[in-house]
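Encoded as structure tokens, the structure appears first; notes follow it.
Numbering (the working numbering), first residue to last: -8 to 342.
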């Protein structure tokens, strides 16, 4: 039996989750055609940095979560900052690889989390569905990394750096095997869906539309061009905007479910009809962040306008700036690893 369920609602899901990947690809194509590479930096400032900010709101903005995870919320970032400083000092390349790998894992888990919310809202899926869905995300993403021209050059180059040269024939064999394994798993996944339906479990078709649109963005941008610009812009738009939207609605629902006297301070940013206040707070944070790391404000201009002079700073400040940038990213990954467990009944209250 098919049961439809939406994260926000039919119209809002269509805008933010189902059509967003196509919009992001269109914007990326436009940026690639008309703008310089600075456009990707601008998207990062306008979208990625604010999506870090809403993570801080989500994790530290409510008394309930602070009381639940106080030790994690205090000790975790302190340890991460120490590790980032150590990595920048003694093993910068290792730190870079860890950040890249964690970022990809975080990307997969965010979209997987949305898939779980779709099943939660529709009360669909069986006991084995989460495991099959997670495997689907990992296998499709690994296949993308192995076979797409955008990423092939990176892992082939790294093999050469490790003194493991591979021939063109070897690369083709690896990619063929990857496609075969992916196709085989998709067959098993289809069998799982059929068995679920026959056993009486319901299936939410909207979830599969969401998964398909997400992977359309990644596969299209990775196969369309070998430039990281288009992939980076499209991915950051989809990933960041979807995250900002779900945090906004989560906090809003949480605050509305409480008596006015029991609401948190963050309630002022998520009141109905006050969405511009929430957006303004995100942009102010992005500006402050840019000033703290000593980067020019002109990078908000997508390479079209130049309204601020270049900053100049010494090597010591450069390390400090890189530490702040890396710390913000890893802390976001860390917090997201435990504040979005869809099976948690307290979290379900905001979904």
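Heads up, the beta-carbon is just placed ideally off N, CA and C, and yes, glycines get one too.
Q. Quick one, are the C-beta atoms of residue 322 and residue 71 less than 9 Å apart?
A. Taking the chain shown and counting its residues from 1, one reaches residue 322 at position 331. Taking the chain shown and counting its residues from 1, one reaches residue 71 at position 80. Their beta carbons are under 9 Å apart, which means residue 322 touches residue 71 by this criterion.
Q.
Closest to residue -2 by C-alpha separation, out of 25, 112, 9, would be which residue?
A. Taking the chain shown and counting its residues from 1, one reaches residue -2 at position 7. Looking at the Cα atoms, 112 is the closest of the given residues.
Q | Residues sharing a beta bridge with residue -7, DSSP | A | Counting from 1 along the chain shown, the entry for residue -7 is found at position 2. According to DSSP, residue -7 bridges with 194.
Q: Note down the Cα distance separating residue 218 from residue 267, rounded to an integer number of angstroms.
A: Residue numbering aside, residue 218 sits at position 227 when the chain shown is read from its first letter. Residue numbering aside, residue 267 sits at position 276 when the chain shown is read from its first letter. The straight-line gap from Cα to Cα measures roughly 34 Å.
Q: Determine the direct distance from the alpha carbon of residue 2 to that of residue 189, and round the result to whole angstroms.
A: Sequence index remark: in the chain shown, residue 189 carries index 198 (1-based). Sequence index remark: in the chain shown, residue 2 carries index 11 (1-based). Each residue's Cα considered, the two are about 31 Å apart.
Q: Could you have a look at residue 216 and say whether DSSP puts it in helix, strand or coil?
A: Counted from its first residue, the chain shown places residue 216 at position 225. In the structure shown, residue 216 sits in coil (DSSP, three-state: anything other than H, G, I, E or B).
**Q.** Classification of residue 148 by the beta-carbon crowding that lies within 10 angstroms, buried from 16 upward
**A.** Your numbering for residue 148 matches position 157 in the chain shown. Exposed.
Q) Going by Cα to Cα distance, which pick from 204, 214, 319 is closest to residue 44? A) Locating residue 44 in the chain shown gives position 53, where the first residue counts as 1. When each option's Cα is compared against that of residue 44, the closest is 319.
Q.
Quick test of your reading: residue 38 and residue 232, contact by CB under 8 Å. State the CB separation rounded to the nearest angstrom.
A. Position 47 of the chain shown, counted from the first residue, corresponds to residue 38. Position 241 of the chain shown, counted from the first residue, corresponds to residue 232. Residue 38 to residue 232, Cβ: 6 Å. Contact.
Q. How would you write the range of the alpha helix (DSSP H) that residue 130 sits in, first residue to last?
A. For this step, residue 130 is matched to residue 139 along the chain shown. First-last of the alpha helix (DSSP H) with residue 130: 120 to 138.
Q: Using a threshold of 9 Å, state whether the C-beta atoms of residue 46 and residue 238 are closer than that.
A: For the purposes of this step, residue 46 is taken as residue 55 along the chain shown, with counting starting at 1. For the purposes of this step, residue 238 is taken as residue 247 along the chain shown, with counting starting at 1. Going by C-beta atoms, residue 46 is nearer than 9 Å to residue 238.
Q | Residues of its chain near residue 315, where Cβ-Cβ distance is below 6 Å and the 5 sequence neighbours each way are ignored | A | Sequence index remark: in the chain shown, residue 315 carries index 324 (1-based). Closer than 6 Å at the Cβ level, and outside the excluded window around residue 315, lie 284.
(Q) With a threshold of 7 Å on Cβ separation, who are the neighbours of residue 240 within its own chain once the five nearest residues in sequence on each side are excluded? (A) For this step, residue 240 is matched to residue 249 along the chain shown. These residues qualify, in order along the chain: -1.
Q | Stretch-stretch touch, CB-based, cutoff 8 Å, three pairs: the stretch 6 to 23 with the stretch 219 to 226 | A | yes
Q | Element boundaries [alpha helix (DSSP H), containing residue 94] | A | Locating residue 94 in the chain shown gives position 103, where the first residue counts as 1. Start and end: 83 to 113.
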